[in-house]
Every structure is written in structure tokens, then in C-alpha cells.
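Presented below is the structure to which this report refers.
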Amino acid sequence: MDSVKVVSASRNLLRCRLPERDTDARPHQGYSLVECLIVNALALALVAGLFAATADLIAAARATSVLSDRAMRARQVIQFIEQALASARMPAEWLMNDEISLSSQGWHTPSPLCASPETISGSPQWGGIDVIDTAGQPCLALTDPTRGLYIEQIQPCPHNCGARAGYVISPTTCSGESPTINRLTQWQVEWRPDMSQPAHCDAGWPWGRLQRLLLTYRSDENSIEGVPTLRLQSLSRASTYQWQQAETLVAGIADWQPKLITAASAQHYASEGHEAAHYLLAVDLSVTSDHVADKTQDLPVTRLLLPSVVGSNG
């Protein structure tokens, strides 16, 4: 009897069929494995594209930041030079009564860099610029000989010269109630502990500070920072004539090439108003990374500086 029931149940089981796929119920049943793989592949491709686009944006932003940083450092160098050159000649306010001197207010060759200005008894012209070979200068202790931009400045007193010790420039003869200054006036320089008016000058006569600056280049092999640097030196405040140690002005400055252009060869570049200049200054440099590990391309900079462009002091 039991065997009959088992056979009957087996027959009923064999008659059972799986339910047929109802296409109308598709939204409620999900996707097949193949369809899921296709969707996942498309999603991964989209994510990869987004990552690639994001990486491109990050790279572009970094390149823009690097270029902006280098352009800013280039502007710092050029602006510093322009400001220094603005006082690299006799102040125009001292020569208001001499039209000839005013018309020839270009840059002259300054007195020798290693010679104290006190050794010159008197001169009608102070201030100026020069490009020197630092290897031949006994007063400089530079381990990396290079071309230096030497600037001799004159800053009128009492408002623009400060109070600290230094070299005072004044007329050799400056007595009388009405100052008479022209291109033939002789000027002398002496070291003083302050910038007060010289005792031999009457009230109303001009005087000022004579200052000297030197811009030099140091290669990445010899610099402490490990990158090429533009360095600044100035005179010591001591009564003995000497130069201070060079300090980093701007890091990441390479290919430093200042050049003087004489008035004759500069007329091609200068307009008629600049023909009286004794010298023009061309500055070529490139701005590189201020980090040793950064090897991105340098930014080249060329600038031609004219006396009337940098202005006059006063």
C-alpha cells in the first residue's frame, strides 16, 4: 500500500513544470547577469573618465600656480631693480636750476666698487650703474664668481635717507644763504655716524646718503637652498669701508645676465626723449623652481630699463 502511494506521488512530481517567464512582469524581476556586467562596465568607464578629467584639471591648476609664482618672482626682481635705479643718479631736485644737467640725467659709470668714496676729494657726478666681473674684485668674498649689477645710489636728506650711520654726500663748498647748484658743483663724501646736516653746510643746502648695492647670482651647486639664487650685498655701516655678506634676495633665479647698452647703440631702442641717457640696462634672467625636486620648465624674462621709465628720486 505504501509503495502505491510513493509511485503516485512520483507521477505527480514529474508532471510539475517551472513557471513560464512573464515578460510583462519584467520591471519586478531585475536584470540578468550579462546586463549587470555591461552596466557596471559603463559605470566604471564613466568614473575613470571623471578621474582623468579631474587629474587634468589638477595638473592645469598646478601649472597655472607654478607659472603665477614664477611671474610674481620675476616682477619682484624687476621692481626691486627699478626702485634701486630710480636713485642711481644725482637727485633732480638738487639740479632744478640747471637745465643742462636735467636734460642729461642718464646713468653714469659710478666710482670703483672697491674704492671708498672718501678717497675721492670731490666730483661733479655721483651715482650710476655698472656691470662688473665679481672675480676681479678684491673687496668681495664671493665663492661663485659671476656678473654683478653694481648700483651707486643717492638718497636726499633729511626725508629719504634714514638716520643710521653711513656715507654723507654734500657740496664741497656749501656756504651762503642761496644755494647755487649746477653741473660744475663739486660734491664730497664722508662717513658719519648719522645723517644730520654736515657742519660745513649752511641751512638750505642739499645733502644726502650715498649707498652702494650689488646684485649677484649664485648657482644651485653653491647655494645653501640648493636652487639658483639672486643675492644682494650692501655697504657695512662701520666706519671702515667694507661690504656686508651677500643675502638671498629671490630664490629660483637662473641665467642672470645684466648688460649695459651705451647711448650710441641704444638709440635703436630709445625714443628721442631717451637719447641723452649715458646707459640703458638690459636684464635677462629665467625664473626656475625654488624647490630642488621640481623640474618644470623655466620662465625666461627679458627687460630693457630706461632712465625715464624708472623715474627720478625725490
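Numbering (the numbering used here), first residue to last: 570 to 883.
Note that the Cβ used here is the ideal one computed from N, Cα and C, for glycine as well.
Between the Cα of residue i and the Cα atoms of the options, which residue gives the shortest distance?
i: residue 852; options: 646, 628 and 619; result: 646
i: residue 818; options: 733, 616 and 644; result: 644
i: residue 784; options: 816, 753, 809 and 625; result: 816
i: residue 792; options: 781, 823 and 779; result: 823
i: residue 693; options: 719, 664 and 720; result: 664
i: residue 794; options: 717, 849 and 821; result: 821
i: residue 764; options: 755, 735, 800 and 677; result: 735
i: residue 715; options: 810, 773 and 799; result: 799
i: residue 788; options: 766, 713 and 850; result: 713
i: residue 829; options: 812, 717 and 755; result: 717
i: residue 728; options: 801, 777 and 653; result: 777
i: residue 755; options: 739, 652 and 801; result: 739
i: residue 873; options: 604, 628 and 648; result: 648
i: residue 803; options: 825, 719, 790 and 679; result: 719
Taking the beta strand (DSSP E) that residue i falls in, what are its first and last residues?
i: residue 851; result: 848 to 856
i: residue 778; result: 777 to 787
i: residue 719; result: 716 to 725
i: residue 826; result: 822 to 831
i: residue 736; result: 735 to 740
i: residue 698; result: 697 to 702
i: residue 869; result: 868 to 874
i: residue 800; result: 798 to 803
i: residue 759; result: 756 to 761
How big is the Cα-Cα spacing for residue i and residue j?
i: residue 750; j: residue 695; result: 14 Å
i: residue 688; j: residue 660; result: 22 Å
i: residue 685; j: residue 634; result: 45 Å
i: residue 876; j: residue 745; result: 33 Å
i: residue 760; j: residue 709; result: 20 Å
i: residue 601; j: residue 640; result: 58 Å
i: residue 610; j: residue 642; result: 48 Å
i: residue 612; j: residue 606; result: 10 Å
i: residue 707; j: residue 831; result: 27 Å
i: residue 691; j: residue 731; result: 24 Å
i: residue 814; j: residue 762; result: 21 Å
i: residue 654; j: residue 722; result: 8 Å
i: residue 753; j: residue 638; result: 48 Å
i: residue 614; j: residue 636; result: 33 Å
i: residue 703; j: residue 767; result: 34 Å
i: residue 781; j: residue 810; result: 11 Å
i: residue 757; j: residue 741; result: 5 Å
i: residue 812; j: residue 801; result: 11 Å
i: residue 662; j: residue 623; result: 59 Å
i: residue 807; j: residue 733; result: 11 Å
i: residue 656; j: residue 772; result: 23 Å
i: residue 681; j: residue 790; result: 30 Å
i: residue 834; j: residue 805; result: Note that residue 834 scores 46 on pLDDT, short of 50, meaning its location in the model is unreliable; the coordinates nonetheless yield the value given after this. Each residue's Cα considered, the two are about 36 Å apart.
i: residue 683; j: residue 625; result: 54 Å
i: residue 881; j: residue 724; result: At residue 881, the pLDDT of 48 sits below 50, so the modelled position is not reliable; the number obtained from the coordinates is stated separately. Between residue 881 and residue 724, the C-alpha separation is close to 11 Å.
i: residue 786; j: residue 737; result: 29 Å
i: residue 608; j: residue 867; result: 46 Å
i: residue 629; j: residue 779; result: 48 Å
i: residue 838; j: residue 850; result: Model confidence at residue 838 stands at a pLDDT of 44, short of 50, so the residue's coordinates are unreliable and nothing is read from them.
Could you check how far apart the C-beta atoms of residue i and residue j are, in whole angstroms? I think they sit under 8 Å.
i: residue 827; j: residue 700; result: 5 Å
i: residue 865; j: residue 858; result: 6 Å
i: residue 726; j: residue 770; result: About 11 Å separates the two Cβ atoms, so there is no contact after all.
i: residue 650; j: residue 679; result: Between residue 679 and residue 650 the Cβ distance is about 15 Å, and since that is not below 8 Å, they are no contact.
Using the beta-carbon count (16 or more within 10 Å), is residue i buried or exposed?
i: residue 869; result: exposed
i: residue 775; result: buried
i: residue 885; result: The first residue shown for the chain is 570 and the last is 883, placing residue 885 beyond what the model contains.
i: residue 619; result: exposed
i: residue 627; result: exposed
i: residue 658; result: buried
i: residue 603; result: exposed
i: residue 747; result: exposed
i: residue 672; result: Caution applies to residue 672, whose pLDDT of 45 falls short of 50 and renders its modelled position unreliable; the model cannot decide the point.
i: residue 652; result: exposed
Would you say residue i faces chain D, with C-beta separation under 8 Å as the test?
i: residue 734; result: Within the model displayed, chain D is absent; a lone protein chain is all it includes.
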